[in-house]
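As structure tokens, the structure follows; a few thoughts come after it.
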Amino acid sequence: LNVVVLISGTGSNMRALLEAAADDTYPARVVAVGADRAASGLSHADDFGIPRFTVPFRDYGSREEWGIALADQLRQAQPDLVVLSGLMRLLPDAVVNEFAPRIINTHPAYLPEFPGAHGVRDAIAAGVTQTGASVIQVDGGIDTGPILAQERVAVLAGDTEDSLHARIKPVERRLLIDIVRRIAVGEIDLSSR
Ligand code: GRF
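Heads up: the sequence shown begins at 2 in the UniProt record's numbering, then just goes up one per residue.
In structure tokens form, the structure reads like this:
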């Protein structure tokens with residue numbers, strides 16, 4: 002299964018997938034890494050000798066034009082699956098219409114709790130004692146697609162956004178690696194959901 006990963010930040014979750022996919026027994030491989038900006042995480046692709054591309058959001062006059070350019074780059078990589086792993090952008094219709102349902106996303110909360118760009122911060126602000134990590138199918142909404150996997154993560158007294166996020170990410174990575182494997186071997190059929 003050929004996977005393209007899209008990031009905006011440090012790409013630490015993506016790196017975990019790169020490491021898993023570097024094992025020949027893992028049934029998927031990352032064929033390209035893309036970003037909507039000069040993301041520091043693109044360096045992980047270089048470490049693994051994987052092609053990377055940027056489609057800088059700021060270079061385009063509109064979300065729609067950015068989406069068309071991003072869809073062009075994705076098409077060239079010929080992905081069987083697109084993984085959003087810390088992409089801090091809502092995917093435009095040009096991408097969703099062409100690649101859904103073969104798009105999944107990781108989110109650092111127990112969806113539908115705390116969707117959006119600040120799920121960890123929002124959980125802290127809400128004073129909840131537990132949050133979680135989720136892997137969902139992307140349907141063009143903001144974290145609204147079918148849930149493929151999720152797991153609870155405790156919020157500890159004194160947690161900051163960073164300390165809680167640092168506890169959530171390893172769970173995201175484990176769920177993501179498992180879900181991509183299950184899609185690759187056909188245990189999960191995204192088109193039937
Ligand atoms: C991850 O928790 C992801 O779910 C969220 O932002 C974080 C990205 O972290 N959208 P990284 O770039 O993988 O380190």
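Backbone N, C-alpha and C fix where the C-beta goes; we use that ideal spot for every residue, glycine too.
What you are looking at is a predicted structure, and each value in this text was computed from that prediction instead of being measured.
query: Measuring from the CB of I8, is there a heavy atom of the ligand GRF at a distance below 8 Å?; result: yes
query: List, from N- to C-terminal side, the alpha helix (DSSP H) runs of 4 residues or more that fit wholly inside the segment 19-89.; result: 43-48, 64-78
query: For the pair the segment 132-147 and the segment 100-113, tell me if three or more CB-CB distances fall below 8 Å.; result: yes
query: Could you check if Q151 is buried or exposed, using at least 16 other CB atoms within 10 Å of its CB as the buried criterion?; result: buried
query: Kindly indicate the opening and closing residues of the beta strand (DSSP E) around S193.; result: First-last for S193: undefined, no H or E at that position.
query: Grouping DSSP H, G and I as helix and E and B as strand, with all else coil, what is G146?; result: coil
query: Where does L2 land, buried or exposed, given buried means 16+ other C-beta within 10 angstroms?; result: buried
query: When you compare each of V97, N98, R90 to H119 by their alpha carbons, which one comes out closest?; result: R90
query: Counting Cβ pairs, one atom from each stretch, are 3 or more of them under 8 Å apart for the segment 2-20 and the segment 75-83?; result: yes
query: Along the beta strand (DSSP E) that carries residue 1, what are the first and last residues, could you check?; result: Because the chain spans 2 through 194 in this model, residue 1 falls outside it and cannot be assessed.
query: Please check the pair A46 and V34, which I expect to be a contact at CB under 8 Å, by giving their CB distance rounded to whole angstroms.; result: 4 Å
query: Is A103 helix, strand or coil by DSSP?; result: Per the sequence shown, residue 103 should be read as Arg rather than Ala. R103 falls in the coil class under three-state DSSP.
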